[in-house]
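Novice:
In the working numbering, the protein residues as written are 17 to 152.
(1) What number of angstroms, rounded off, separates the C-alpha of residue 57 from the C-alpha of residue 129?
(2) Sort 115, 43, 79 by Cα distance to residue 69 and report the nearest one.
(3) Go through its chain and collect everything with a Cβ distance to residue 24's Cβ below 6 Å, but skip five positions before and after it.
(4) Can you tell me which of 73, 108, 29 puts its alpha carbon nearest to the alpha carbon of residue 48?
(5) Please look up how many angstroms separate the CB atoms of residue 78 and residue 94, rounded, as I've assumed it's under 8 Å.
(6) If you draw a straight line from the C-alpha of residue 107 to the C-alpha of residue 92, how long is it?
(7) Give me the Cα-Cα distance between residue 143 and residue 63, rounded to the nearest whole angstrom.
(8) Report yes if the CB atom of residue 83 is closer than 8 Å to the CB atom of residue 22, and no otherwise.
(9) For residue 152, count the other beta carbons within 10 Å of its own beta carbon; 16 or more makes it buried, fewer makes it exposed. Which is it?
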């Protein structure tokens with residue numbers, strides 16, 4: 017089952033893409049991330065994020081699997097984190113609507129409803145956070 021989430025952001029495609037594709041400072045727009053550490057650059061880079069969800073604190077480790085700077089598209093694999101999400105691939109795609117508006121599309125495939133619900137919540141938080149970050 018494919019899970020998708022779309023968010024319209026009142027900022028340019030380039031600015032939104034630059035925030036996402038930097039692969040760093042996730043805590044600026046994703047409220048449950050408290051710290052980000054990136055090892056390497058480009059495809060193959062790894063990102064470790066400290067996460068705080070209510071009374072739960074844990075770390076996730078992600079791998080940048082694909083990156084297309086021209087199409088503003090990247091795929092990130094969750095290598096370590098909550099068991100329901102391990103191994104999942106998350107796709108980010110930013111598209112221009114107008115000079116100062118863009119659309120962020122987040123996609124993943126899931127096998128069970130619990131993972132689907134978690135992915136929906138995560139996508140919503142990322143979309144809301146990026147919208148707030150770029151529109152303040």
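A virtual CB, placed ideally from N, CA and C, is assigned to each residue, including glycine.
Specialist: So, from the listed chains and residues:
(1) In the chain shown, residue 57 corresponds to position 41, counting from 1. In the chain shown, residue 129 corresponds to position 113, counting from 1. Rounded to whole angstroms, residue 57 to residue 129 spans 34 Å at the Cα level.
(2) As a working note, residue 69 is residue 53 in the chain shown. Residue 69 has its Cα closest to that of 43, out of 115, 43, 79.
(3) Your numbering for residue 24 matches position 8 in the chain shown. Around residue 24: 119.
(4) Stepping through the chain shown from its first residue, residue 48 is reached at position 32. Of 73, 108, 29, the residue nearest in Cα terms is 73.
(5) On the chain shown, position 62 is the one that residue 78 refers to. On the chain shown, position 78 is the one that residue 94 refers to. Confirmed, about 6 Å.
(6) Reading the chain shown from its first residue, position 91 is the one you call residue 107. Reading the chain shown from its first residue, position 76 is the one you call residue 92. So the two alpha carbons sit approximately 6 Å from each other.
(7) Here the question's residue 143 lines up with position 127 in the chain shown. Here the question's residue 63 lines up with position 47 in the chain shown. When rounded, the distance between both Cα atoms is 19 Å.
(8) Counting from 1 along the chain shown, the entry for residue 83 is found at position 67. Counting from 1 along the chain shown, the entry for residue 22 is found at position 6. For residue 83 and residue 22, no; Cβs fall outside 8 Å.
(9) The count along the chain shown starts at 1 and reaches residue 152 at position 136. Its Cβ having fewer than 16 others within 10 Å, residue 152 is exposed.
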